[in-house]
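Here the structure comes first, spelled out in structure tokens, and everything after it is commentary.
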Amino acid sequence: MKQTPHFQDADAFYEQLLDAHQGLSREASEAFNARLILILANQVGDARVLSECIAAATVVQPQR
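If you count the sequence shown from 1, you need to add 180 to reach this note's numbering.
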């Protein structure tokens, strides 16, 4: 799993992601997220890397 930023334009991606959620109900937004996760996981394709990503996302950061 990459540990350093690898985005070409993270801000543009985030804006596009927010735009994709515009007007969606909570249920539709959650379904969109599930589809997007599966599509992106297919792009990664490596089960070991995907497991590392799940573990990294599971870590809860302490509140400041």
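Don't be surprised by glycine CBs; every beta carbon is placed ideally from N, CA and C.
Since the structure is predicted, the reported quantities are computational estimates derived from the model, not experimental observations.
Alpha-carbon spacing of residue i relative to residue j, whole angstroms
i, j, result
"Arg215", "Pro185", "23 Å"
"Ile217", "Arg244", "28 Å"
"Ile234", "Glu195", "23 Å"
"Ser231", "Ile219", "16 Å"
"Asp183", "Ala208", "Correcting the residue type first, residue 183 is Gln in the shown sequence and not Asp. So the two alpha carbons sit approximately 31 Å from each other."
"Leu197", "Arg228", "26 Å"
"Phe193", "Gln202", "15 Å"
"Gln223", "Gln188", "17 Å"
"Val240", "Arg206", "23 Å"
Distance between beta carbons of residue j and residue i, contact taken as under 8 Å
i, j, result
"Arg212", "Ala200", "What sits at residue 212 in the sequence shown is Phe, not Arg. That belief holds up - the Cβ atoms of Phe212 and Ala200 are roughly 6 Å apart, short of 8 Å."
"Ala123", "Met181", "With the chain represented from 181 up to 244, any question about residue 123 goes unanswered, as that position is not in the structure."
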